Amino acid sequence: MKYSELVELYERLDSTTKRLEKTYFLAKFLRETSADEIEPVILLVQGRVFPSYDEREIGVASKLVIKAINVASGTDSEKIENEWAKTGDLGKVAESLIKGKKQATLASSELTVKKVFDNLRNLTELTGQGSVDRKMQLIAELLSSAKGAEARYITRTILGQLRVGTGAGILRDAIAWAYFPKAVEKVFMKCGNCGKTVPQAESCVECGSHLGKEAKESKKAGKKAAATEKDAGAETSRDEYNTILDRIQEAYDLTNDFGVVARKAKTEGVKGLETVEIRLGTPIKVMLALKVETLEEAFETVGRPAQCEYKYDGFRLECHRKGDKIWLYTRRLENVTHQFPDVVEFLKKYVKGDNYILDSEAVGYDPKTKKYVPFQEISQRIKRKYDIEKTIEELPVEVNVFDILCYEGKNIVSQPFRKRREIIEKIVKSTERKIVVSKAIVTDKEAVVEKYFKEAKAAGTEGVMLKALDAPYQPGARVGYMLKFKKVMENLDLAIVAAEWGEGKRAKWLSSYYLACLDHGGKLLEIGKVSTGLKEKREEGLSFDEVTELLRPLIVEEIGRLVKVKPKIVLEVAYEEIQKSPTYGSGYALRFPRVIRNRSDEKGVSDINTLEDVERLYRTQKKSKG
Ligand code: ATP
Numbered sequence: 017m018k019y020s021e022l023v024e025l026y027e028r029l030d031s032t033t034k035r036l037e038k039t040y041f042l043a044k045f046l047r048e049t050s051a052d053e054i055e056p057v058i059l060l061v062q063g064r065v066f067p068s069y070d071e072r073e074i075g076v077a078s079k080l081v082i083k084a085i086n087v088a089s090g091t092d093s094e095k096i097e098n099e100w101a102k103t104g105d106l107g108k109v110a111e112s113l114i115k116g117k118k119q120a121t122l123a124s125s126e127l128t129v130k131k132v133f134d135n136l137r138n139l140t141e142l143t144g145q146g147s148v149d150r151k152m153q154l155i156a157e158l159l160s161s162a163k164g165a166e167a168r169y170i171t172r173t174i175l176g177q178l179r180v181g182t183g184a185g186i187l188r189d190a191i192a193w194a195y196f197p198k199a200v201e202k203v204f205m206k207c208g209n210c211g212k213t214v215p216q217a218e219s220c221v222e223c224g225s226h227l228g229k230e231a232k233e234s235k236k237a238g239k240k241a242a243a244t245e246k247d248a249g250a251e252t253s254r255d256e257y258n259t260i261l262d263r264i265q266e267a268y269d270l271t272n273d274f275g276v277v278a279r280k281a282k283t284e285g286v287k288g289l290e291t292v293e294i295r296l297g298t299p300i301k302v303m304l305a306l307k308v309e310t311l312e313e314a315f316e317t318v319g320r321p322a323q324c325e326y327k328y329d330g331f332r333l334e335c336h337r338k339g340d341k342i343w344l345y346t347r348r349l350e351n352v353t354h355q356f357p358d359v360v361e362f363l364k365k366y367v368k369g370d371n372y373i374l375d376s377e378a379v380g381y382d383p384k385t386k387k388y389v390p391f392q393e394i395s396q397r398i399k400r401k402y403d404i405e406k407t408i409e410e411l412p413v414e415v416n417v418f419d420i421l422c423y424e425g426k427n428i429v430s431q432p433f434r435k436r437r438e439i440i441e442k443i444v445k446s447t448e449r450k451i452v453v454s455k456a457i458v459t460d461k462e463a464v465v466e467k468y469f470k471e472a473k474a475a476g477t478e479g480v481m482l483k484a485l486d487a488p489y490q491p492g493a494r495v496g497y498m499l500k501f502k503k504v505m506e507n508l509d510l511a512i513v514a515a516e517w518g519e520g521k522r523a524k525w526l527s528s529y530y531l532a533c534l535d536h537g538g539k540l541l542e543i544g545k546v547s548t549g550l551k552e553k554r555e556e557g558l559s560f561d562e563v564t565e566l567l568r569p570l571i572v573e574e575i576g577r578l579v580k581v582k583p584k585i586v587l588e589v590a591y592e593e594i595q596k597s598p599t600y601g602s603g604y605a606l607r608f609p610r611v612i613r614n615r616s617d618e619k620g621v622s623d624i625n626t627l628e629d630v631e632r633l634y635r636t637q638k639k640s641k642g
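Each residue of the sequence shown is one higher than the one before, counting from 17 in my numbering.
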């Protein structure tokens, strides 16, 4: 393929800011690109010659490019710098100077995409003596052969300033438009003049004919179909199109390389996308967590029982091993292997097997006290490129392994979490303050999670994660397979001021209790009603029966099933949230309150929590919600 064809695409992409138009132009181009040229084309469209996770970069300084322009155009460097200062775009300067030169000398051979791509890649390979000069020659060679706008785009690519506005969303959609036209046709409109499936707009992006009326009608029809939900056909077509987009996205989440995805789509269709393989050494987008406010909500999402793990306050580390080679990637898929030789050692020493991908959290700890330190204190290790040995000593990390995506070279993301966990427990030899399997329990009870949460906090972590035992690992997705829970509210000690007789088999007990806190003047203000946490049998813990007996002598008034009592019984109560509420005298209500224990032996009514405490907790909870 000629480089000038790619330049034509760049110009088209540059000419519009509309997402759908960009998608259309790119798709059309991809459709016509041969399978073996797809990968370089997709990289070049993104202004790069290696995928983003690859640590190799062109990395050429503008000074060197100026020298190359000087050699290619014969214009002296000072003039080039002046022009650059005037226009602010070295690409345009290169274009105009080289065009000028071309009129004088009859130009050399035509540039191909392959030639440009190879020369740019070669720039990264050169090191050592004479490499700067050699690099300059590689660039000058390209610029000397460049015609028209080619020099502009070559220069911009080298400087990392291509910016033709093709983000991940556009690339994904363009792959669908390029290789799955049938699914696209059913969703988008056809131009009445040229017959091409085109984005809805005033005029056809392909032939320029006026589309105004049809576009509006088709939009209207789309809206109507969605609004009435009667047009099942339209819905199915939409679903089909969305499924294609999902398959492309999933393949991308596994490979992080649109080039590979596009080639698969072109050569093997949907099947190809579904069989895209994990490659050891190529980072995979990590699965993300949803945030939950309450444990009820958490269990509703992940099911019961669920795995509850410490939530370490460090940074995500995806560890790949293929034979003797190890790669470490951050959550943003930056390669940080060089910065963490200590982790490389831990993996070699304490993890069995040599073809795997682990997901983990690296946490810093104080080398003297061995206590965990917050992420901010070790964050500098991620960027540190020198004095690595010293930083290992000053800012050591412990790797907490919590998932595995690939084992014995096989992709295991679709296996249930409990199976994946079994594998990590089998292969990681937990060694404190080096590498360990994340701390975890399996439970179906909120109270157990709360207790574990407190233990996790006391160990210097941020809280707990809750994970669905049967869920797969979904790369790149924030689905409800793992949840973060960072807040358990401080328990409150509150007084019982009234109670209600139960119903059915609880009719003989006072089974729900009105609770109150104290205001500054010593007045009791109601804050909610609790009926959970107590047992039906005495031998199981604090029971309804016991509390009823405690309250019976304190009854001062009975109104139907409601009894008012003299405040004397103090209960410790857990809850998930404090809400503003006009229902109770305090102006607040507890969400999901639960009795923890009777504290009447240790605390009198004057010792219970105050309205001020409640207001403080309400404020901190708002802050933690962000
Ligand atoms: P988000 O990841 O939700 O965008 P964030 O960067 O603030 O936001 P957190 O709120 O800290 O992330 O929650 C999720 C992160 O917690 C994970 O990405 C992971 O790095 C970290 N983490 C710590 N311990 C665990 C664990 N046991 N299991 C899974 N992730 C854990």
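For every residue, glycine included, the Cβ atom is placed at its ideal position computed from N, Cα and C.
Computed from a prediction, not measured in an experiment: that's the story for all the values here.
Which partner residues of residue i appear in the DSSP bridge assignment?
i	result
residue 205	214
residue 498	483
residue 590	610
residue 128	18
residue 153	According to DSSP, residue 153 bridges with nothing at all.
residue 447	451
residue 575	578
residue 343	336
residue 380	413
residue 371	338
residue 326	480
residue 351	345
residue 520	The partner list for residue 520 (beta bridge, DSSP) is empty, contrary to what the question assumes.
Counting C-beta neighbours from all protein chains within 10 Å, is the total for residue i 16 or more, i.e. buried, or is it exposed?
i	result
residue 210	exposed
residue 460	exposed
residue 107	buried
residue 416	buried
residue 245	Summary for residue 245: the model assigns pLDDT 49, below 50, so the residue's position carries little reliability; its value from the coordinates is reported in the next sentence. Residue 245 should be labelled exposed.
residue 590	buried
residue 120	Here residue 120 scores only 49 on pLDDT, less than 50, and its place in the model should not be relied on; the value that follows carries that caveat. Result: exposed.
residue 375	buried
residue 291	exposed
residue 595	exposed
residue 145	exposed
residue 327	buried
residue 38	buried
residue 272	buried
residue 178	buried
residue 252	exposed
residue 355	buried
residue 598	exposed
residue 171	buried
residue 266	buried
residue 142	exposed
Please name the residue, chosen from the options, that lies closest to residue i on a Cα-to-Cα basis.
i	options	result
residue 165	23, 88 and 632	23
residue 173	361, 207, 63 and 420	63
residue 226	213, 207 and 212	207
residue 365	340, 381, 501 and 111	340
residue 426	369, 450 and 155	369
residue 552	561, 392, 250 and 139	561
residue 360	335, 379, 169 and 380	335
residue 279	555, 597, 623 and 51	51
residue 158	116, 202, 89 and 606	89
residue 489	20, 432 and 162	432
residue 407	449, 126, 94 and 357	357
residue 605	508, 521, 576 and 612	508
residue 519	482, 636 and 578	578
Any heavy atom of the ligand FAD closer than 7 Å to the CB of residue i?
i	result
residue 334	Absence of the ligand FAD is noted for the structure shown, with the ligand ATP being the only ligands found.
Problem - Stretch pair the region 453-473 + the region 381-399: three plus CB contacts closer than 8 Å - result: no
Problem - Contact between the region 283-303 and the region 480-498 (3+ Cβ pairs under 8 Å) - result: yes
Handout entry: Inter-stretch contact (C-beta, 8 Å, three-pair minimum) for the region 316-331 and the region 460-472
Key = yes
Exercise for the section: Decide if the region 137-155 is in contact with the region 72-82; the criterion is three or more beta carbon pairs, one per stretch, under 8 Å apart. Expected result: yes
Practice task
Specify whether the region 519-526 and the region 616-625 touch according to this definition: at least 3 beta carbon pairs, one from each stretch, less than 8 Å apart.
Solution key: no
Exercise for the section: Pair every Cβ in the region 381-390 with every Cβ in the region 473-481, then say whether three or more of these pairs are closer than 8 Å. Expected result: yes
Exercise for the section: Would you check if the region 284-298 and the region 562-577 touch, i.e. whether three or more CB-CB distances between them fall below 8 Å? Expected result: no
Problem - Three-pair Cβ contact test at 8 Å for the region 182-200 versus the region 29-44 - result: yes
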